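Structure record follows, encoded as structure tokens.
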Amino acid sequence: MYAIVECGNKQYKVEEGKWFDVDLQPYEAEEKIELDRVLMVNRDGKLEFGTPYLEKTKVVGKIVKNFKDRKVTSFKYRRRKDSHVKRGFRHSLSRIMVEKIIA
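Position 88, counted from 1, in the sequence shown is what my numbering calls 657; the numbers after and before it change by one each time, with no gaps.
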């Protein structure tokens with residue numbers, strides 16, 4: 570059984586017992602979270618679609634940890650101009666462990 574949920578204007582395929590990373594959520598580690606914006610559920614090969622969301626369906630999980638992703642480096646170089654710019658960026662993420670899909 571798996572579901573497609575929307576979290577932070579992005580869509581994720583989630584399964585029970587597995588984790589996924591989303592943009593930083595305003596919750597602490599080990600806190601319960603309910604995602605009620607479920608777009609689709611697959612139950613034993615039977616697909617259920619929402620318009621746009623499924624009613625009475627939610628995904629229950631918990632925040633495993635809040636962390637920063639690996640560094641992404643941006644480098645801009647202009648030849649013969651004595652100009653270059655190097656910048657780094659680390660995205661803040663939350664890891665969610667899916668405990669149950671209630672459909």
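The C-beta atom is built at its ideal place from N, Cα and C for all residues, glycine as well. Source: prediction; values computed, not measured.
- Beta-carbon to beta-carbon, residue 610 and residue 617 are separated by about 5 Å, close enough to satisfy the 8 Å threshold.
- A straight-line Cα-Cα distance of about 30 Å links residue 646 and residue 662.
- Here the alpha carbon of residue 590 sits roughly 17 Å from the alpha carbon of residue 669.
- Straight-line spacing of the CA atoms in residue 643 and residue 624 works out to 43 Å.
- Looking at 622, 652, 653, 635, the one whose alpha-carbon comes closest to that of residue 580 is 622.
- Rounded to whole angstroms, the gap between the alpha carbons of residue 671 and residue 587 is 15 Å.
- DSSP, read as helix, strand or coil, puts residue 594 in coil.
- Distances from the CA of residue 641 to each of 601, 605, 650, 659 were compared; the closest alpha carbon is that of 659.
- When beta bridges are read from the DSSP output, residue 642 appears opposite 657.
- Looking at the DSSP output, residue 649 sits in no beta bridge, so it has no partner there.
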